[in-house]
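Position 85 of the sequence shown, counted from 1, bears residue number 86 in this note's numbering, the numbering being contiguous throughout.
By construction, the Cβ of each residue, glycine as well, lies at the ideal position given by its N, Cα and C atoms.
Shown next, in structure tokens, is the structure this report addresses.
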Amino acid sequence: MTEPRDAAVALEVYVWFEADPAEAARVRAAFGRLGEAMASGGSDAAAERPRLLCRPELVMRDGSPRATWMEVWPGVPPRTLTGWLDRLDAAAASSGAAALARGGRHVEVFAPQG
2 MTEPRDAAVA LEVYVWFEAD PAEAARVRAA FGRLGEAMAS GGSDAAAERP RLLCRPELVM
62 RDGSPRATWM EVWPGVPPRT LTGWLDRLDA AAASSGAAAL ARGGRHVEVF APQG
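So, in structure tokens, the structure goes:
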């Protein structure tokens with residue numbers, strides 16, 4: 002991943018994944034552990050807390066219903082992005098969040114434009 006052009010603008014990281022809808026309570030609990038791990042980790046504290054969203058409707062994937070979840074991580078310092086993403090990946094594994102994601106976790110980085 003390349004570093005963003007404007008190193009002064011805080012980034013937002015979005016992570017979407019699908020999970021078995023019967024695992025909703027486990028997804029929420031894993032996100033809580035993930036948030037705690039990231040807050041206690043080794044980079045600048047975010048000004049805003051991360052949020053967890055869930056799409057209101059289910060999708061069918063390979064004959065099974067799936068809930069689509071989105072983690073929103075605001076205020077990620079550009080200068081620490083690579084290390085931050087590495088920590089997020091490790092924390093997702095240790096918190097159990099990665100194991101609940103059917104088809105993997107899809108990470109996207111965005112820079113505010115206005």
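Find out if the Cβ-Cβ distance for the pair residue i, residue j is shorter than 8 Å.
| i | j | result |
| --- | --- | --- |
| L54 | A98 | no |
| L59 | R52 | no |
| E72 | F111 | no |
If you draw a straight line from the alpha carbon of residue i to that of residue j, how long is it in whole angstroms?
| i | j | result |
| --- | --- | --- |
| A100 | A26 | 14 Å |
| A94 | S41 | 16 Å |
| P75 | R106 | 17 Å |
| P22 | R88 | 27 Å |
| S96 | E37 | 9 Å |
| E24 | L86 | 25 Å |
By Cβ distance below 8 Å, which residues in the same chain neighbour residue i in space, the five residues on each side in sequence not counted?
| i | result |
| --- | --- |
| E109 | V14, Y15, V16, W17 |
| G104 | F18, E19, R62 |
For residue i, which residues in the same chain have their Cβ closer than 6 Å to its Cβ, ignoring the five residues on either side in sequence?
| i | result |
| --- | --- |
| M39 | A92 |
| S65 | none |
Could you tell me the boundaries of the beta strand (DSSP E) in which residue i lies?
| i | result |
| --- | --- |
| S41 | No beta strand (DSSP E) holds S41; DSSP gives it neither H nor E. |
| V60 | 60-62 |
| A20 | 12-20 |
Write down the C-beta distance between residue i and residue j rounded to the nearest angstrom, noting that I regard them as a contact closer than 8 Å.
| i | j | result |
| --- | --- | --- |
| V28 | P113 | 27 Å between Cβ atoms; not a contact. |
| T69 | R50 | In fact, because the Cβ distance is near 21 Å, the residues do not count as touching under 8 Å. |
Need the endpoints of the alpha helix (DSSP H) that residue i sits in, please.
| i | result |
| --- | --- |
| T69 | Here T69 belongs to no alpha helix (DSSP H); instead the beta strand (DSSP E) covers 65-77. |
| L89 | 82-96 |
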